Amino acid sequence: MRGNGSIVPDNRRQRVVLVTGASGGLGKATVDHFHSRGWSVAAAARDPRNLHLWRSDGDVFGVRLDLLDQASVKAAVAEVEERFGHIDVLVNNAGTGLAGPLEAMEIPTLQKHFETNVMGAISVTKAVLPGMRRKRTGTIVNVTSIAGRLGLPFMAPYVAAKFALEGLAESLRYELAPFGIKMRLVEPSGIRTSFQHEWISDAPYEREIAMLRQHMADGMAKSLLPEKVASVIYRAAVSTGSTLRFPTRDAGLLMLIKSLLPDSILQALIRVAFLKEYPTGYEDHG
C-alpha cells in the first residue's frame with residue numbers, strides 16, 4: 003500500500019496509457035514517468051511538429067490529437083488502439099488557461115476555453131469508453147487543480163472549467179463502475195512549467211490584475227516540479243481503491259484549511275493573498 007489505495011505491480015509492459023497535452027510540462031513528465039515504470043505510452047499533442055519527441059522509442063508513440071476536432075479525437079484513439087491493442091488508462095491533461103475580469107472577455111473566447119478544457123476532455127473520454135467497457139476495466143484520470151475546489155479572483159472561466167471536470171468525474175464514477183472503469187481526479191496547486199494563462203485586462207480592474215499576476219509570478223519558484231505531480235498522476239492511475247481525489251500535498255492542506263474555516267475568513271484570506279486587500283484597520287508593513 004502506498005498513499006491512497008494499493009499499487010499495481012509495474013512488471014507488465016503491455017499496460018497502455020494515453021496522455022493528452024503531452025508535448026511539454028506536466029504532460030511530458032507524465033509520459034516519462036509512466037514509461038519509466040514499464041508502460042507503453044501514447045503521447046497525444048495537437049501540434050504534429052511536437053510528435054518527433056517520441057518517434058525513436060517503440061513503447062512511446064506520438065499521436066496527433068486536437069481537442070477541438072472530434073474527428074481528430076476519434077482517429078487518435080483508434081490509432082492508439084490499433085497500435086497497442088487497448089487503452090488501460092486515459093490521462094486528461096490537455097488544457098488552456100484564461101484569466102482576467104469576466105466582464106472584459108468576449109463570448110467566443112469563453113466558448114473556445116470551455117470547448118478545449120471541458121468538451122475536449124469529454125470527447126476523449128467518450129472515445130476511449132467503448133474499448134474500456136468491452137475489456138470491463140480501465141481508469142480515467144482528470145487533471146484538475148485546487149481551482150476545481152476553490153474559487154479564485156479573476157480566474158472565473160478557468161475555475162468553472164475545473165469545477166466541471168470535478169463534477170464530471172464524480173458523476174461518471176457511478177455510471178462506469180459496473181463496467182470496471184474507475185474515475186480519478188488529480189488536484190495540484192501551482193506547477194513549475196511554461197504553462198501560461200491568456201490574460202485579458204480591462205481598465206477598471208488593472209490594479210487588481212497587476213496584483214494577481216505578481217502573486218502568481220512570485221509563487222512560481224515555490225511551485226511543484228511537474229515530475230512530482232506526474233508521480234501523483236501515476237499513483238492515482240494504478241490505485242485499486244475507491245479514492246476519487248488525489249490532491250498534491252500542498253493542495254490537500256489548502257482543502258483541509260477550507261473545510262475548517264468559516265467562509266467569511268476564507269474570503270478574507272483569499273483577498274489578502276491574491277489581491278492584497280487587507281481588512282479595515284490593518285496596515286501592511288511588508
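Position in the sequence shown counted from 1, then plus 2, gives you our numbering.
Note that beta-carbon positions come from the ideal geometry of N, C-alpha and C, so glycine has one too.
Only a predicted model underlies this, so the values are computations on that prediction, with no experimental measurement involved.
Between the segment 33-49 and the segment 155-174 there are fewer than three inter-stretch CB-CB distances shorter than 8 Å, so the stretches are not counted as touching.
At least 7 Å separates the beta-carbon of Ile-183 from that of Thr-32.
Judged by DSSP secondary structure, Ile-142 falls within the beta strand (DSSP E) whose first and last residues are 140-145. In this structure, Val-93 lies near Val-143, with their beta-carbon atoms less than 7 Å apart. Each of Ala-232, Met-121, Ile-272, Glu-84 was checked against the Cα of Leu-170, and the nearest Cα belongs to Met-121. Your pair Gly-23 and Gly-97 checks out as a contact, with CB atoms roughly 7 Å apart and the cut at 8 Å. With fewer than three CB-CB distances shorter than 8 Å, the segment 126-136 does not count as touching the segment 99-113. The C-alpha of Ala-80 is placed about 18 Å away from the C-alpha of Arg-138. When rounded, the separation of the alpha-carbon atoms in Leu-187 and Met-257 is 14 Å. In this chain, the alpha helix (DSSP H) harbouring Ile-109 covers 109-116.
Separation of Arg-151 and Phe-165 (C-alpha to C-alpha, rounded to the nearest whole angstrom) is 7 Å. Per DSSP, the unbroken beta strand (DSSP E) holding Glu-189 starts and ends at 183-189. Around Leu-174, the same chain offers Met-185 as residues with beta carbons nearer than 7 Å, after the five sequence neighbours per side are excluded. Per the DSSP secondary-structure output, Val-231 pairs with nothing in a beta bridge.
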